[in-house]
Ligand SMILES: Cc1ncc(COP(=O)(O)O)c(C=O)c1O
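In my numbering, the protein residues as written are 3 to 329.
What follows is the structure in structure tokens.
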């Protein structure tokens, strides 16, 4: 994780335990949680990868917000073609994706990951630099049976893009290409995994030969606030950014994007990805195999049951806030 991400964590947590490894070493975090839980029974682990509160939040909150945005942006002749989002906990792609597909049954759900860690694409593994996504497993809360496509993007393209969009010679070059002043001022809203989402969305558009009638949706999960040190590291590694570098990055990491590393999922592709859950969640993390099967064979009822908990959970949150005097 970047220096800023550690600093931010320290500002919100009483104690931060560092685990060796890179972005995709999440199994090691699970191991540490088990170690702590075995020592003290009163420890509660909020695991974003298997807590359905995460899925439900993205279904009920991100999903509704996304729909509101789409309704505003769409004219009568437009169609919503798909949601594209990389998977970290899969909360966004799964929860928001299910909500949007319910509202636009013809639309697609496309999940992104890193070419360097192609777990969904190839049952693959590996280290990558897109902070916040791609953890060498399929999250328990991912509704794989409703996912239509996997798109892997190169982490080099993500880093090239954040250099292009944040280094002054990059911004000056983009201005020459016709980008407005206000768009240039907003470029720092796109962090590394947001760049991954943008690149995946472009690949999606090329794959389905989208036209001006099509609207797609992706999310910018975080901004550059937490990654300035990554820009410094890239400067130290490759030298000062120049217009020549900007021209290279613009062409190789944006214009040259094509439809490689994409898989449009059929029934058995989905089942292959779903089955990967077995090794993480049943063998390692002690979840129940009947529930794993229910996610697949009781589709969509298993998922609808979770979605139907929204009102009850809202009530419980209300009661909790009342009790604690938080609101
Ligand atoms: C920076 C960043 N990008 C992307 C994601 C992925 O989102 P999700 O966990 O909903 O799949 C996360 C999630 O933790 C994140 O921290």
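We put the CB at the ideal spot given by N, CA and C, even for glycine.
Alpha-carbon spacing of residue i relative to residue j, whole angstroms
| i | j | result |
| --- | --- | --- |
| residue 329 | residue 58 | 22 Å |
| residue 17 | residue 11 | 9 Å |
| residue 318 | residue 290 | 26 Å |
| residue 126 | residue 191 | 30 Å |
| residue 278 | residue 116 | 17 Å |
| residue 300 | residue 138 | 26 Å |
| residue 23 | residue 73 | 43 Å |
| residue 240 | residue 171 | 15 Å |
| residue 236 | residue 147 | 39 Å |
| residue 29 | residue 275 | 18 Å |
| residue 47 | residue 243 | 43 Å |
| residue 187 | residue 221 | 18 Å |
| residue 271 | residue 13 | 42 Å |
| residue 316 | residue 71 | 23 Å |
Proximity test, residue i beta-carbon vs ligand 3 heavy atom, cut-off 8 Å
| i | result |
| --- | --- |
| residue 135 | For ligand 3, the structure offers nothing, since it holds only ligand 1. |
Span of the beta strand (DSSP E) around residue i
| i | result |
| --- | --- |
| residue 88 | 81-88 |
| residue 216 | 216-219 |
| residue 154 | 151-155 |
| residue 319 | Segment 312-326 is the alpha helix (DSSP H) holding residue 319; no beta strand (DSSP E) there. |
Host alpha helix (DSSP H) of residue i (start-end)
| i | result |
| --- | --- |
| residue 99 | 99-105 |
| residue 114 | That residue, residue 114, is in no alpha helix (DSSP H); its beta strand (DSSP E) goes 110-116. |
| residue 68 | 65-75 |
| residue 194 | 194-209 |
| residue 264 | Segment 264-266 is the beta strand (DSSP E) holding residue 264; no alpha helix (DSSP H) there. |
| residue 186 | 183-188 |
| residue 178 | 170-178 |
| residue 295 | 291-299 |
| residue 306 | 303-309 |
| residue 36 | 29-41 |
| residue 247 | 245-252 |
| residue 239 | 230-240 |
| residue 275 | 269-279 |
| residue 57 | 54-59 |
| residue 11 | 5-14 |
For residue i, the nearest candidate out of the options (CA to CA)
| i | options | result |
| --- | --- | --- |
| residue 330 | 118, 68 and 15 | As shown, the chain starts at 3 and ends at 329. That puts residue 330 outside it, with no answer to give. |
| residue 159 | 131, 169 and 137 | 131 |
| residue 153 | 142, 76, 136 and 141 | 136 |
| residue 49 | 41, 35 and 42 | 35 |
| residue 204 | 311, 256 and 105 | 256 |
| residue 185 | 167, 286, 143 and 98 | 167 |
| residue 140 | 228, 4 and 273 | 273 |
| residue 201 | 64, 262 and 247 | 262 |
| residue 269 | 149, 101 and 121 | 149 |
| residue 104 | 66, 315 and 284 | 66 |
| residue 86 | 316, 308, 266 and 288 | 266 |
| residue 144 | 298, 248 and 313 | 298 |
| residue 228 | 193, 63, 96 and 108 | 193 |
Any non-hydrogen atom of ligand 1 closer than 8 Å to residue i Cβ
| i | result |
| --- | --- |
| residue 223 | yes |
| residue 307 | no |
| residue 248 | no |
| residue 94 | yes |
| residue 91 | yes |
| residue 194 | yes |
| residue 130 | no |
| residue 145 | no |
| residue 56 | yes |
| residue 331 | Outside the displayed span of the chain (3 to 329) sits residue 331, for which this structure offers no information. |
| residue 112 | no |
| residue 50 | yes |
| residue 87 | yes |
| residue 60 | yes |
CB-CB length for residue i against residue j, believed under 8 Å
| i | j | result |
| --- | --- | --- |
| residue 189 | residue 173 | 7 Å |
| residue 199 | residue 114 | 6 Å |
| residue 134 | residue 195 | 4 Å |
| residue 6 | residue 230 | 7 Å |
| residue 245 | residue 175 | 6 Å |
| residue 215 | residue 110 | The pair is not a contact, with the Cβ atoms about 15 Å apart (cut-off 8 Å). |
| residue 208 | residue 260 | 6 Å |
| residue 308 | residue 226 | Actually they do not touch by this definition, with Cβ atoms about 34 Å apart. |
| residue 60 | residue 93 | 5 Å |
CB contact check: residue i to chain B, cutoff 9 Å
| i | result |
| --- | --- |
| residue 235 | As a matter of chain content, chain B is missing from the structure shown, which is built from one protein chain. |
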